[in-house]
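In what follows, a single structure is set out as structure tokens and then discussed.
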Amino acid sequence: MENQYKFMVKHVQLWKVAFHGTSPKWIHSAYLAAIAAFYAKEVEAGLMEYKPDIIISVHPLMQHIPLWVLRWQGLQKKVIFVTVITDLNTCHRTWFHPSVNRLYCPSEAVAKRASIDGLEESQIRVCGLPIRPSFVQAVLSKDDLRVELEMNLNLPAVLLMGGGEGMGPVRKTAEALGESLYDKELEKPIGQLIIICGRNEALASTLKSLEWKIPVKVRGFEKQMEKWMGSCDCIITKAGPGTIAEALIRGLPIILNDYIPGQEKGNVPYVVDNGAGVFTRSPNETARLVAEWFSTKTDELKRMSESALKLAQPNAVFDIVKDIHELACQRGPLANIPYVMTSSFASLIC
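For the sequence shown, our numbering assigns the number 216 to the initial residue and increments by one for each residue that follows.
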């Protein structure tokens, strides 16, 4: 499934057709039945092996299939099933199933769509997008982080993200920033640049080989993004929901430079309309904006940072876990659920 997704998002028009083409109700059931033919057997085997008391789905295709299996085995009323939507604003209707015990939504817009698709108000909670606890826990000050990360202590910093795979116009944007953040008249830099290349080793190697007029750090795949975000003053990234949510928690003004059609498209107005960032696909325009924020428009940068913090929901992950715990307590002591396969649901459709 992961490889199929990567292939589709690299061919964005194909992904766009697939996303919107499977959304109408008249094709929805047929689409899910086709997906079940590929994955029902594995889902059924997993449930029978692990015998869960609570199931937490964080994938748009993992509502209907496991719930079908549970219902077929007579376990739907015994197992707590909750969905945590990980698309920030625009999401596919496969996220919504009326039989879930709880649906955790990242925004009011998503909650409204859930209601339209038949979920009751009692099933829906708006908590925000869950982000790993390290982003919520206290971190060092910006100055202390810069000392730890061996950054320049006096220059404002921009964080350029290429995602986990180092995709997008990273090199063009980096080179444009290298020019715009250098004051030719004073012959000195007005900012510094941190580039996260993810797993793209070729990109990282190329960027490290270039000559820069400003302080630049090129990094690969990072597991401590809370520190790099905490050390910077703004961020450039595609409109991925996780990165956006993390940046908001750190109060970083966001320049969105691309989005995946479908689930990421709505993230652009979510950021822009709330005053937390801007959207442009142009590397040169991006570089110009950052240069202005670091020189003549520092007030604008400050306002966007304040807006980002207002939009952030740092406690989402804790609120979700707390509500799941309360849901389990309402159900009473978790008994040993009799996971005995009377007949295979997968055999009916495969």
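Each residue gets a CB set at the ideal place from its N, CA and C atoms; glycine is no exception.
Just so you know, these numbers come straight off a predicted model, no measurement behind them.
Excluding the five sequence neighbours on either side, which residues of its own chain have a C-beta within less than 8 Å of the C-beta of residue i, listed in chain order?
| i | result |
| --- | --- |
| lysine 387 | Pro498 |
| valine 433 | Ile410, Cys412, Ala419, Leu422, Lys423 |
| isoleucine 539 | Ile269, Ile271, Ile295, Val297, Arg317 |
So, helix, strand or coil for residue i, using DSSP?
| i | result |
| --- | --- |
| isoleucine 339 | strand |
| lysine 512 | coil |
| tyrosine 254 | helix |
| valine 294 | coil |
| valine 493 | strand |
| tyrosine 485 | helix |
| lysine 480 | coil |
| glutamine 407 | strand |
| lysine 432 | strand |
| threonine 452 | strand |
| serine 330 | helix |
| valine 299 | strand |
| arginine 361 | helix |
Quick check: residue i and residue j, are their CB atoms within less than 8 Å of each other?
| i | j | result |
| --- | --- | --- |
| proline 468 | leucine 516 | yes |
| leucine 344 | alanine 460 | yes |
| valine 505 | valine 315 | no |
| glutamate 445 | leucine 418 | Here the sequence assigns glycine to residue 445, which means glutamate is not the residue at that position. For glycine 445 and leucine 418, no; Cβs fall outside 8 Å. |
| aspartate 302 | proline 456 | yes |
| leucine 334 | proline 313 | yes |
| isoleucine 451 | threonine 501 | yes |
| aspartate 332 | arginine 317 | no |
| glycine 492 | arginine 518 | no |
| alanine 324 | phenylalanine 311 | no |
| proline 430 | leucine 360 | no |
| tryptophan 508 | cysteine 544 | no |
What residues in its chain sit with their C-beta under 6 Å from that of residue i, if we drop five residues either side in the sequence?
| i | result |
| --- | --- |
| cysteine 342 | Tyr319, Ala531, Asp534, Ile535 |
| phenylalanine 350 | Glu441, Glu461, Ile464 |
| threonine 305 | Gln478, Lys480, Gly481 |
| serine 520 | Gly466, Pro468 |
| glycine 435 | Cys412, Ala419 |
| alanine 454 | Leu471, Tyr474, Glu479, Asn482, Val483 |
| aspartate 398 | Ile405 |
So, for residue i: in the same chain, excluding its five sequence neighbours on each side, which residues have a beta-carbon less than 7 Å away from its beta-carbon?
| i | result |
| --- | --- |
| alanine 389 | Leu375, Leu408, Ile410, Leu422 |
| isoleucine 552 | Lys266, Asp268, Leu290, Lys293, Val294 |
| glutamate 437 | Ile411, Trp443 |
| lysine 428 | Gly393, Tyr397, Pro404 |
| serine 395 | Ala502, Arg503, Val505, Ala506 |
| arginine 546 | Ile295 |
For residue i, count the other beta carbons within 10 Å of its own beta carbon; 16 or more makes it buried, fewer makes it exposed. Which is it?
| i | result |
| --- | --- |
| asparagine 415 | buried |
| tyrosine 265 | exposed |
| alanine 574 | The requested residue 574 is not part of the displayed model; the chain covers only 216 to 565. |
| alanine 251 | buried |
| proline 327 | The amino acid at residue 327 is misidentified as proline; the sequence shows lysine. Exposed is the call here. |
| arginine 496 | exposed |
| serine 338 | The sequence shown places glutamine at residue 338, not serine. Looking at its Cβ environment, which holds 16 or more other Cβ atoms inside 10 Å, glutamine 338 is buried. |
Is residue i near the ligand COA, going by C-beta to nearest heavy atom under 7 Å?
| i | result |
| --- | --- |
| tryptophan 443 | The model depicted lacks the ligand COA and carries no ligand whatsoever. |
Between the region 298–307 and the region 270–289, are three or more C-beta pairs nearer than 8 Å? yes
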